[in-house]
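**Student:**
There are 2 protein chains.
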Amino acid sequence: MAPKAYYSIHPKFHAAVDCIIFGFEEGELSLLLLQRDFEPAKGQWSLMGGFVEEGESLDDAARRVVAELTGLNDLYMRQVHTYGDPGRDPGERVLSTAYYALVDIKRYDRELVKAHNAHWVKLNEIPHLIFDHDRMVQDALRFMRYQATVKPVGINLLPEEFTLTQLQTLYEAILGEPIDKRNFRKRIASMDYIEKTGRIDKTLSRKGAALYRFNREKFDGNFKI
Amino acid sequence: MAPKAYYSIHPKFHAAVDCIIFGFEEGELSLLLLQRDFEPAKGQWSLMGGFVEEGESLDDAARRVVAELTGLNDLYMRQVHTYGDPGRDPGERVLSTAYYALVDIKRYDRELVKAHNAHWVKLNEIPHLIFDHDRMVQDALRFMRYQATVKPVGINLLPEEFTLTQLQTLYEAILGEPIDKRNFRKRIASMDYIEKTGRIDKTLSRKGAALYRFNREKFDGNFKI
DNA sequence: ATGAAAAGTGTTGCATTTACACTTTCTATT
DNA sequence: AATAGAAAGTGTAAATGCAACACTTTTCAT
Numbered sequence: 002m003a004p005k006a007y008y009s010i011h012p013k014f015h016a017a018v019d020c021i022i023f024g025f026e027e028g029e030l031s032l033l034l035l036q037r038d039f040e041p042a043k044g045q046w047s048l049m050g051g052f053v054e055e056g057e058s059l060d061d062a063a064r065r066v067v068a069e070l071t072g073l074n075d076l077y078m079r080q081v082h083t084y085g086d087p088g089r090d091p092g093e094r095v096l097s098t099a100y101y102a103l104v105d106i107k108r109y110d111r112e113l114v115k116a117h118n119a120h121w122v123k124l125n126e127i128p129h130l131i132f133d134h135d136r137m138v139q140d141a142l143r144f145m146r147y148q149a150t151v152k153p154v155g156i157n158l159l160p161e162e163f164t165l166t167q168l169q170t171l172y173e174a175i176l177g178e179p180i181d182k183r184n185f186r187k188r189i190a191s192m193d194y195i196e197k198t199g200r201i202d203k204t205l206s207r208k209g210a211a212l213y214r215f216n217r218e219k220f221d222g223n224f225k226i
Numbered sequence: 002m003a004p005k006a007y008y009s010i011h012p013k014f015h016a017a018v019d020c021i022i023f024g025f026e027e028g029e030l031s032l033l034l035l036q037r038d039f040e041p042a043k044g045q046w047s048l049m050g051g052f053v054e055e056g057e058s059l060d061d062a063a064r065r066v067v068a069e070l071t072g073l074n075d076l077y078m079r080q081v082h083t084y085g086d087p088g089r090d091p092g093e094r095v096l097s098t099a100y101y102a103l104v105d106i107k108r109y110d111r112e113l114v115k116a117h118n119a120h121w122v123k124l125n126e127i128p129h130l131i132f133d134h135d136r137m138v139q140d141a142l143r144f145m146r147y148q149a150t151v152k153p154v155g156i157n158l159l160p161e162e163f164t165l166t167q168l169q170t171l172y173e174a175i176l177g178e179p180i181d182k183r184n185f186r187k188r189i190a191s192m193d194y195i196e197k198t199g200r201i202d203k204t205l206s207r208k209g210a211a212l213y214r215f216n217r218e219k220f221d222g223n224f225k226i
């Protein structure tokens, strides 16, 4: 067994998670940010975060923190990076692990968000954030963009059923560049895990647009390597 | 200011770094692993790791730990992931951040490695490692492979000057598949940041092979986005 | 009846990637 | 001195993937 001193001669640190919560609305990506009405850094903007508790994994902590703010427990989340510079939190030393989360912006709990004084802010209108949260956002954005080019994580920003126009607008927002409609639809047509539901959405156009859905079974079947 | 209780009501944890140290020899990737002659988990195999100390960033801790074992202070290193499940270390709770490092296997300090009872182990001969170190290795390998397809990080596994055959063998080892010699050389020729030194290596063939070197300035000039 | 607004639909050219085999050079051996 | 062996070095053609491009259909509101 390990001698007791093996651990105890080393310092301990607070551990936190900070969450970069992405939403998609009006053709643009947004982040859910807190206008802090509490200390520390009261009055400034920050990411939603929280301390890791005893017996709680990092993933669980991130999930809890996001659920506290959104009421949603089933979000797509990924760890981005851990920030551990001494002095990154001017109060005490805290190691913080950043996670990004993808939210269908129609689903979050408006009461909870209001209670936390949180707001959806469009990507290009993001204010300066406290500590090293600016850098966390940059890193999370880069990582999410990369993931989106590799697998269809973006789907988690849309409702269960979505039109191809919605999907294209989403990917244009993620990649930050316009996409040719015909080429885009050709590519989607070749992905059998994005399937027509047979239903039609009439709210977004007079003509109506076919609704599609992501079929996780087909995707996992095709992509497990 | 933050009330003192803001921090102090939350638990603290040990923080560690574990390092996946890659080398390249005889056409294969290897890892530098410890056969532990110390507790905990004496007798088992593990990654080189260490606790994060007061006033030391995670990156610094990883750099220190790798230098302790290899004597090398200038290695290419990247953070991979942080592992925080309660119980991942059966002794006490420890949050561990994994880093990978790339070593020119000709350069490390053999005395230090021997003193730590560490050994280079080929990728496909890696034994079961303690705790969650197996998973760390898988994650690091995937991340390093991805990085190698995007930018020439592999160069850090070779000496300053190298032949194109060495470089090709390295990339075959990283990607795990054979590469066509002519296509490979065509691609390298199009990268002006890999430049001929004018020197010739005569140790690896009778004919002799041109030595090349990575020009960081040209690379940064081309790739800064 | 008409106009507006979004949905939907194929083809061609271009660029990139892949497949493929022989010659050159040198030295160690006979 | 001749030769065999071993790795270095070199170009072309086919195929595939990617990018560019414009008009018709449908429906509802006016």
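These protein sequence lines map, in sequence, to chains A and B.
If you're matching positions, the first sequence starts at 2 in this note's numbering and goes up one per residue.
If you're matching positions, the second sequence starts at 2 in this note's numbering and goes up one per residue.
Every residue, glycine too, gets a C-beta built ideally from N, C-alpha and C.
A16(A) CB to nearest chain B CB: under 8 Å?
**Tutor:** Closer than 8 Å: yes.
**Student:** Beta-carbon separation of L48(A) and H134(A) under 8 Å?
**Tutor:** Yes.
**Student:** What distance in whole Å lies between the Cβ atoms of L165(A) and I189(A), which are believed to be in contact at a cut-off of 8 Å?
**Tutor:** Contact holds; Cβ gap of about 6 Å.
**Student:** How big is the Cα-Cα spacing for T71(B) and G51(B)?
**Tutor:** For T71(B) and G51(B), the distance between alpha carbons rounds to 14 Å.
**Student:** Mind the definition here: the stretch 17 to 33 of chain A touches the stretch 50 to 69 of chain B only if three or more C-beta pairs lie below 8 Å; say whether that holds.
**Tutor:** Not touching, per the Cβ criterion.
**Student:** Does the CB of D140(B) have a neighbour CB from chain A at under 8 Å?
**Tutor:** It does not; no Cβ of chain A falls within 8 Å.
**Student:** Going by DSSP, what residue range makes up the beta strand (DSSP E) through T98(B)?
**Tutor:** Start and end: V95 to L103.
**Student:** Going by the CB atoms, is the gap between Y213(A) and F163(A) shorter than 8 Å?
**Tutor:** Cβ atoms of F163(A) and Y213(A): closer than 8 Å.
**Student:** In the stretch 60 to 128 of chain B, which residue ranges form an unbroken alpha helix (DSSP H) of at least 4 residues, counting only runs that do not cross its ends?
**Tutor:** Runs of the alpha helix (DSSP H) inside the stretch 60 to 128 of chain B: 111 to 116.
**Student:** What does the alpha-carbon distance come out to for the pair L113(A) and L73(A)?
**Tutor:** Distance between the alpha carbons of L113(A) and L73(A): 11 Å.
**Student:** Which of the three DSSP states, helix, strand or coil, is assigned to H15(B)?
**Tutor:** Of the three classes helix, strand and coil, the one that applies to H15(B) here is strand, per DSSP.
**Student:** Helix, strand or coil for F132(B), going by three-state DSSP, please let me know.
**Tutor:** Three-state result, F132(B): coil.
**Student:** If I measure Cβ to Cβ from Y84(A) and keep anything under 6 Å in the same chain, skipping five residues before and after, which residues do I get?
**Tutor:** For Y84(A), where only same-chain residues beyond five positions count, the Cβ hits under 6 Å are S97 and D133.
**Student:** Examine chain A for any beta-carbon lying closer than 8 Å to the beta-carbon of H82(B), and answer yes or no.
**Tutor:** Yes, because at least one Cβ of chain A sits closer than 8 Å to the Cβ of H82(B).
**Student:** Answer yes if the stretch 199 to 210 of chain A comes into contact with the stretch 32 to 45 of chain B, meaning at least three C-beta pairs across the two stretches below 8 Å, and no otherwise.
**Tutor:** Short answer: they don't touch.
**Student:** Closer than 7 Å by C-beta to D193(A): which residues in its own chain qualify, once you throw out the five before and the five after it? Chain order, please.
**Tutor:** These residues qualify, in order along the chain: K219.
**Student:** Hey, would you say F215(B) sits closer than 8 Å to I195(B), going by beta carbons?
**Tutor:** It is a contact, given that the beta carbons lie within the stated cut-off.
**Student:** With DSSP collapsed to three states, give me the class of L205(A).
**Tutor:** L205(A): coil per DSSP, three-state reduction.
**Student:** Could you tell me whether any Cβ in chain A is nearer than 8 Å to the Cβ of K187(B)?
**Tutor:** No, no contact with chain A.
**Student:** Per DSSP, which one or two residues make a beta bridge with A211(B)?
**Tutor:** Paired residue(s): I201(B).
**Student:** Along the chain, where does the beta strand (DSSP E) that runs through L171(A) open and close?
**Tutor:** Note, L171(A): premise wrong, no beta strand (DSSP E); alpha helix (DSSP H) at L165 to L176.
**Student:** Quick one: what does DSSP say M49(A) is sitting in, helix, strand or coil?
**Tutor:** Of the three classes helix, strand and coil, the one that applies to M49(A) here is strand, per DSSP.
**Student:** Does Y7(B) get closer than 8 Å to chain A when you measure Cβ to Cβ?
**Tutor:** Interface residue, yes.
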